[in-house]
Amino acid sequence: MLTERLLLVLAVLLGYAALCLWQFRRGSSGRLQSVDSSVSAASMLVAYASQSGVALALAQSSAKALLAIGPVRVLPLNRVDDAVLAGTEHAFFVASTYGEGEPPDNGNRFARRYLNGSSAQFSHLKFSVLALGDSAYQHFCAFGHKLHEGLSSHGAAPVFAPLELDGNTAGNADAVLQRWYQQLARFGAESSLPDLTELSFHRDHYQSWHLDARKVVNVGSVGEPLVYLKFSPAQVLGDVALDTLWQAGDIAEVLPRNSVIRCAEFAAMYKLDFDASLLIDGKASKLIDELQRRALPASDIAGPVVGDPDSVSAWVMSLPLLAKREYSIASVPEDGSLDLLVRVQGRDGIPGVASHWLGRHLAVGDSLALRVRRNPLFHAPESNIPVIFIGNGSGFAGIRAHLRARQLSNRKDNWLMFGERSPRADRIFSDEIAEWQDHGYLPHIDLTFSRCREQPAYVQDAILANVADLKAWLSAGAAIYVCGSREGMAAGVDRQLRRVLGDEQLDDLADAGLYCRDVY
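Numbering (full-length UniProt numbering), first residue to last: 1 to 520.
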């Protein structure tokens, strides 16, 4: 168990320019409008597999460049079938990798149809793949490669080898996107490339936000602390109104920092002057500032020549910058603050850099670098329909934002299924939940606790206990929104939904924009 999604000057969003240039529509069908809906045979196709909107934005930007040639279809990968492929001569796939090398939700059906033994042949098809991933994870760009290999096995001809775009490295993103648009230009696409500073991961797009308040919301829990944080812009927004910065479902990207304590320990290990002046990329900097923003190895590495500024500067520059972290936004702009809900955690006994910094070390009144990333695949449905919200733990963040938005629009047909550990310590935001119930905004609620002595249960158990009601809500046009941990909760919820609804119905809901997930 995505949020990007928050930017102060919001020329910061990956692909946001493309999203603004030509609107896409998710109505009751939830399907993206084609760039050109009157498509003839042998046309071009841009297909995307996107979990949090980045691949979607890049697909739209790619299609815009290709319009110089002729009609272009833009489709989620699940909507690409035999008929679509039969009418396509050139296909461009923009595919993210999700989880353990899996397809995003809107690529599951395609993967089952074509990557698991289908005998279909598409010898007429020429294709290219832009694979998106994060090198911090083991299965980097794995689904993009599976897509490339699977299409090749069906007789389609790859025009280029797959390009790997690393969302964890701004330099890689720039270079790969340049190569991708150069490939498009070989087909006759617009020769002028888009502004790649808006289509990559540039750190100068982050803005300064103040931490106004912090509170642990599960005091006494046997689990890790859940910390509620409230932020406000540290800069004057000019003509940009706060209520235009994000909406429910968007993601906050944060540049984390190591604590001063951790940096002091690290500097002492190599007998370095904590306040030493360095020359980093031609600019003066302090050792403490550089160590705070770089990944510090957990084990000993060869150090620099102590007392040699050039050696120390080169050594520090060899330490990679800390990767951004993404958090579901837990508020709506009308609340007057950008709120996050962060689980303070670690792995193998090592504290998590970002969660410990946000949850314990960043002082109230201090600032951080943050931007909003639009996450259109987890935005509220356009039509006024019932919504079933399912989640656990810090996943309450995305659910809370949607429930606040539903409250402001006076939508009362909401159902919350939420799981945590202990009914004594983990009834997070109980006052808000009680208020929503009292005012009719939560007519149906199921709270489950895995460590309840009387009746331990997980949130997926609430699905099984409410099958009749669930099917009735879905028959009335309800959407299902899931937010929280990918492993455990989201996987269990997905299995349970497939058990009671069947693969076909759940995939149909996903294709219609009625089964949406922000899981991590």
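Even glycine gets a Cβ: it sits at the ideal position worked out from N, Cα and C.
Item                                                                                                                         : Value
Option nearest residue 309 by Cα separation, candidates 382, 286 and 101                                                     : 286
Nearest candidate by alpha-carbon position, reference residue 342, set 185, 82, 124 and 230                                  : 230
C-alpha gap between residue 94 and residue 226, whole angstroms                                                              : 35 Å
Burial state of residue 348 (16 or more Cβ within 10 Å)                                                                      : exposed
Whether residue 160 touches residue 178 by CB criterion (8 Å)                                                                : no
The region 510-518 contacting the region 469-484, beta-carbon criterion three pairs below 8 Å                                : yes
Pair within 8 Å by beta-carbon distance, residue 234 and residue 208                                                         : yes
Residue burial classification, residue 509 (beta-carbon count within 10 angstroms, cutoff 16)                                : buried
Helix, strand or coil at residue 61 according to DSSP, with G and I counted as helix                                         : helix
Endpoints, the alpha helix (DSSP H) within which residue 315 is located                                                      : 309-317
Contact under 8 Å by Cβ, residue 73 with residue 43                                                                          : yes
Uninterrupted alpha helix (DSSP H) stretches inside the region 335-399 (no shorter than 4 residues)                          : 353-356
Simplified DSSP assignment, three categories, for residue 260                                                                : helix
Through-space distance from residue 411 to residue 398, alpha-carbon basis                                                   : 17 Å
Assigned exposure category for residue 459 - 16 Cβ within 10 Å defines buried                                                : buried
Residue from 413, 395, 176 and 404 whose Cα sits closest to the Cα of residue 385                                            : 413
For residue 286, three-class secondary structure by DSSP                                                                     : strand
Helix, strand or coil at residue 322 according to DSSP, with G and I counted as helix                                        : coil
With 16 other Cβ atoms within 10 Å as the buried cut-off, status of residue 283                                              : exposed
Inter-stretch contact at 8 Å, needing at least 3 Cβ pairs: the region 211-228 / the region 306-326                           : no
Per DSSP, the bridge partner or partners of residue 166                                                                      : 133
Residue closest to residue 255, alpha-carbon to alpha-carbon, out of 358, 186 and 317                                        : 358
Neighbourhood of residue 298 by C-beta distance below 7 Å, restricted to the same chain and skipping five residues each side : 350
Residue nearest to residue 105 in terms of C-alpha spacing, selected from 443, 76 and 119                                    : 76
Given 8 Å, three or more beta-carbon pairs between the region 491-507 and the region 368-378                                 : no
Cβ neighbours of residue 167 in the same chain (closer than 8 Å, five flanking residues each side left out)                  : 54, 132, 133, 134, 173 and 201
Residues near residue 406 in its chain [Cβ-Cβ closer than 6 Å; skip 5 each side]                                             : 414
8 Å Cβ cutoff met for residue 155 and residue 123                                                                            : yes
8 Å Cβ cutoff met for residue 346 and residue 484                                                                            : no
Whole-number beta carbon distance between residue 96 and residue 49, since they are thought to touch under 8 Å               : 6 Å
Nearest to residue 443 (by Cα), restricted to the options 426, 429 and 389                                                   : 389
The region 357-371 / the region 437-452 touching (three or more Cβ pairs under 8 Å)                                          : no
Neighbour-count burial assignment, residue 489, 16 or more Cβ in a 10 Å radius                                               : buried
Cα-Cα separation, residue 306 to residue 186                                                                                 : 51 Å
Residue 266 to residue 216 span [Cα, whole Å]                                                                                : 29 Å
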